[in-house]
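Novice: Pasting a structure here, questions to come.
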């Protein structure tokens, strides 16, 4: 196998993962992150081409916005379903199938003749999103020593943040110059590159053990599992309440011109990148502590955001910090789900992305309620702060339950039991 040391007869696939050279490990992690970049671009690029889609397919822009909902619905449904059905497959094979589906679905979006067909392809494109990121996180964790697994998980999310910094602005610009179909074609090309990279550089990963499907489903009866999911939904819902309306907040409240909004949003992506790198290291130190501290910091930022948005400079700083905190707790949240469901790693790793998309929907709805009563964009920060406080309460409660009857534990110990 390329980029690995020779493996003697009788070695398992898991042994083969550990035999990777440092350079081979880096290439494997990069390949997994490339798939994340394709998914991140696919998810967020649609927002930048909605006006073009509406004009081209002759539908109202509000109707075109349903494409975002179709993708999110695909994520929510696909993450648990694909994770459970694919639990017995070898992880690299499952990753290849999912990235191939990303290629086909986005190619279909680029060729869609009408709006219903486009909406259908966006739903299909969302199906592998959460499952890919979850399985890729498990694969990344298996490639490195225990003490670096938090950082390995973060490397997968790094692909998402790079998509926000570079992929989304680039795809939006391509959509403006060559049309929205070119945007989806670009996503398909990036996804195709990830298929090749995973095939070439990610080692063969072991399949699940006998009875794995039963164990995966058993996690659904784990109270701590659902506590972790609820922490993600409530805590991160506050982020999406604010971010959903950030463009209008920047223009209507901060006084930033429309032309500068993409640049400010790119800073959000830079903040996400910083948060991912730092968050991965913090996850290796304390999973639940990082989640709790991150949500406390977010609650404080959102309360301050109600004031910061009234000046363009402080608003820009606030957007950057929002990106940092958005991703800073994400690796720990992923690790926490693995901690509390060590017998269902595939489902636990993937369900987080269903949770974050549920948080997206709830946050956007909550922010919309604030606007519907005439409170204004700045007031949405209080909703974000309140939801973050709710997430803190859930995290603290979960930690207290751990101390009474441990269900989780240190990241290294729990992930040692995870077979990928």
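Numbering (my numbering), first residue to last: 478 to 897. Even glycine gets a Cβ: it sits at the ideal position worked out from N, Cα and C.
Going by other Cβ atoms of all chains shown within 10 Å of its Cβ, with 16 needed for buried, is residue 648 buried or exposed?
Specialist: Locating residue 648 in the chain shown gives position 171, where the first residue counts as 1. Buried.
Novice: Go ahead and label residue 650 buried or exposed: buried means 16 or more other beta carbons lie within 10 angstroms of its beta carbon, across all protein chains shown.
Specialist: Residue mapping note: residue 650 aligns to position 173 of the chain shown, counting from 1. Exposed, because fewer than 16 other Cβ atoms sit within 10 Å of the Cβ of residue 650.
Novice: Just how far apart, CA to CA, sit residue 811 and residue 740?
Specialist: Looking up residue 811 in the chain shown gives position 334. Looking up residue 740 in the chain shown gives position 263. Each residue's Cα considered, the two are about 29 angstroms apart.
Novice: Taking the C-alpha atoms as reference points, what is the distance between residue 547 and residue 576?
Specialist: Translated into the one-based positions of the chain shown, residue 547 becomes position 70. Translated into the one-based positions of the chain shown, residue 576 becomes position 99. Their backbone Cα atoms lie some 19 angstroms apart in a straight line.
Novice: Quick one: what does DSSP say residue 787 is sitting in, helix, strand or coil?
Specialist: Within the chain shown, residue 787 is the residue found at index 310, counting from 1. The answer is coil: DSSP assigns residue 787 none of H, G, I, E or B.
Novice: Would you be able to state if there are at least three C-beta pairs under 8 angstroms between the segment 798-815 and the segment 609-628?
Specialist: Contact between the segment 609-628 and the segment 798-815 is present, because at least three Cβ pairs lie under 8 angstroms.
Novice: Determine the burial state of residue 808: buried for a count of at least 16 other Cβ atoms within 10 Å of its Cβ, exposed for fewer.
Specialist: Taking the chain shown and counting its residues from 1, the one referred to as residue 808 is at position 331. With 16 or more Cβ atoms within 10 Å of its Cβ, residue 808 is classed as buried.
Novice: Taking the alpha helix (DSSP H) that residue 847 falls in, what are its first and last residues?
Specialist: Against the chain shown, residue 847 aligns to sequence position 370. Unbroken alpha helix (DSSP H) run through residue 847: 822-849.
Novice: Kindly list the residues whose CB is nearer than 6 angstroms to the CB of residue 745, restricted to its own chain and excluding five residues on each side of it in sequence; keep chain order.
Specialist: As a first step, residue 745 must be located in the chain shown, where it is residue number 268. Answer for residue 745: 796 and 800, listed in chain order.
Novice: How about residue 844 and residue 717: do their beta carbons lie closer than 9 angstroms?
Specialist: Within the chain shown, residue 844 is the residue found at index 367, counting from 1. Within the chain shown, residue 717 is the residue found at index 240, counting from 1. Yes, Cβ-Cβ distance for residue 844 and residue 717 is below 9 angstroms.
Novice: Measuring CA to CA, which of 869, 743 and 817 is closest to residue 798?
Specialist: Taking the chain shown and counting its residues from 1, the one referred to as residue 798 is at position 321. Out of 869, 743 and 817, 743 has the C-alpha closest to the C-alpha of residue 798.
Novice: If you scan the segment 610-648 from start to end, which runs of the alpha helix (DSSP H) of 4 or more residues do you find wholly inside it?
Specialist: Runs of the alpha helix (DSSP H) inside the segment 610-648: 626-639.
Novice: For residue 723, does the three-state DSSP call read helix, strand or coil?
Specialist: As a first step, residue 723 is located in the chain shown; it is residue number 246 there, counting from the start. Residue 723 falls in the helix class under three-state DSSP.
Novice: Does the pairing of the segment 846-859 with the segment 774-788 give three or more beta-carbon distances under 8 angstroms?
Specialist: Yes: the two stretches touch, three or more of their Cβ pairs being nearer than 8 angstroms.
Novice: So, helix, strand or coil for residue 878, using DSSP?
Specialist: Your numbering for residue 878 matches position 401 in the chain shown. Helix at residue 878.
Novice: Would you decide whether residue 790 is buried or exposed? Buried here means 16 or more other CB atoms lie within 10 Å of its CB.
Specialist: Here residue 790 refers to the residue found at position 313 when the chain shown is read from its first residue. The residue is exposed, with fewer than 16 neighbouring Cβ atoms inside 10 Å.
Novice: Give the C-beta separation of residue 730 and residue 515 to the nearest angstrom, bearing in mind that I take them to be a contact with Cβ-Cβ under 8 angstroms.
Specialist: Numbered from 1 along the chain shown, position 253 holds the residue referred to as residue 730. Numbered from 1 along the chain shown, position 38 holds the residue referred to as residue 515. About 34 angstroms separates the two Cβ atoms, so there is no contact after all.
Novice: If you follow the alpha helix (DSSP H) that residue 732 is in, where does it begin and where does it stop?
Specialist: Here residue 732 refers to the residue found at position 255 when the chain shown is read from its first residue. Element bounds for residue 732: n/a, residue is neither H nor E.
Novice: Alpha carbon to alpha carbon, what distance is there between residue 618 and residue 601?
Specialist: Reading the chain shown from its first residue, position 124 is the one you call residue 601. Reading the chain shown from its first residue, position 141 is the one you call residue 618. Straight-line Cα distance between these residues: approximately 27 angstroms.
Novice: Three-state secondary structure (DSSP) at residue 763?
Specialist: Looking up residue 763 in the chain shown gives position 286. Looking at residue 763 - three-state DSSP - the assignment turns out to be coil, as it is neither helix nor strand.
Novice: How would you call residue 498, buried or exposed, if buried means at least 16 neighbouring beta carbons within 10 angstroms?
Specialist: In the chain shown, counting from the first residue as 1, residue 498 sits at position 21. Residue 498 is exposed by the Cβ-count criterion.
Novice: Pop quiz: residue 805 and residue 771 are said to be a contact at Cβ under 8 angstroms. What is the actual Cβ separation, rounded to whole angstroms?
Specialist: As a working mapping, residue 805 is identified with position 328 in the chain shown. As a working mapping, residue 771 is identified with position 294 in the chain shown. The Cβ separation is near 5 angstroms, so the contact holds.
Novice: For the segment 666-682 and the segment 548-555, state whether three or more C-beta atom pairs, one from each stretch, are separated by less than 8 angstroms.
Specialist: Not touching, per the Cβ criterion.
Novice: Is the separation between the beta-carbon of residue 635 and that of residue 510 shorter than 9 angstroms?
Specialist: Position 158 of the chain shown, counted from the first residue, corresponds to residue 635. Position 33 of the chain shown, counted from the first residue, corresponds to residue 510. Yes. Within cutoff.
Novice: Within 10 angstroms of the Cβ of residue 880, are there 16 or more other Cβ atoms? Answer buried if so, exposed if not.
Specialist: Start at 1 with the first residue of the chain shown, and residue 880 comes out as number 403. Label assigned to residue 880: exposed.
Novice: Within its chain, find whatever has a CB closer than 6 angstroms to the CB of residue 679; leave out the 5 residues flanking it on each side and keep chain order.
Specialist: What you label residue 679 is simply residue 202 of the chain shown in a count that begins at 1. Answer for residue 679: 505, 508 and 569, listed in chain order.
Novice: Within its chain, find whatever has a CB closer than 8 angstroms to the CB of residue 652; leave out the 5 residues flanking it on each side and keep chain order.
Specialist: Here residue 652 refers to the residue found at position 175 of the chain shown. These residues qualify, in order along the chain: 522, 525, 526, 529, 659 and 660.
Novice: One question on the structure: do residue 559 and residue 605 come within less than 9 angstroms of each other, judged by their Cβ atoms?
Specialist: Along the chain shown, one-based indexing puts residue 559 at 82. Along the chain shown, one-based indexing puts residue 605 at 128. Yes, they are a contact pair.
Novice: What is the C-beta distance between residue 754 and residue 631, in whole angstroms, given that I count them as a contact (C-beta under 8 angstroms)?
Specialist: Looking up residue 754 in the chain shown gives position 277. Looking up residue 631 in the chain shown gives position 154. Correct: roughly 7 angstroms between the Cβ atoms.
Novice: Leaving out five residues before and five after residue 596 in sequence, what residues of the same chain have Cβ atoms less than 7 angstroms from its Cβ?
Specialist: Residue 596 sits at position 119 when you count from the first residue of the chain shown. So the qualifying residues of the chain are 543, 544 and 547.
Novice: How do the segment 813-828 and the segment 721-738 stand: do at least 3 beta-carbon pairs fall below 8 angstroms, yes or no?
Specialist: No contact exists between the segment 813-828 and the segment 721-738.
Novice: Could you tell me whether the segment 836-855 touches the segment 579-586, using the rule of 3 or more Cβ pairs below 8 angstroms?
Specialist: No: fewer than three Cβ pairs fall under 8 angstroms.
Novice: List the whole-angstrom C-beta distance separating residue 817 from residue 705, where the pair is believed to meet the contact cut-off of C-beta under 8 angstroms.
Specialist: In the chain shown, the residue the question calls residue 817 occupies position 340. In the chain shown, the residue the question calls residue 705 occupies position 228. With a Cβ gap of about 6 angstroms, residue 817 and residue 705 count as contacting.
Novice: Mapping the DSSP letters down to three states, classify residue 654 as helix, strand or coil.
Specialist: By one-based count along the chain shown, residue 654 stands at place 177. The answer is helix: DSSP assigns residue 654 an H, G or I state.
Novice: Under the three-state reduction of DSSP, which class applies to residue 525: helix, strand or coil?
Specialist: Here residue 525 refers to the residue found at position 48 when the chain shown is read from its first residue. Residue 525 falls in the helix class under three-state DSSP.
Novice: Check the C-beta distance from residue 768 over to residue 872 and give it rounded, since I have them as a contact under 8 angstroms.
Specialist: Here residue 768 corresponds to residue number 291 of the chain shown, with the count starting at 1. Here residue 872 corresponds to residue number 395 of the chain shown, with the count starting at 1. Indeed, because the Cβ distance is near 5 angstroms, the residues count as touching under 8 angstroms.
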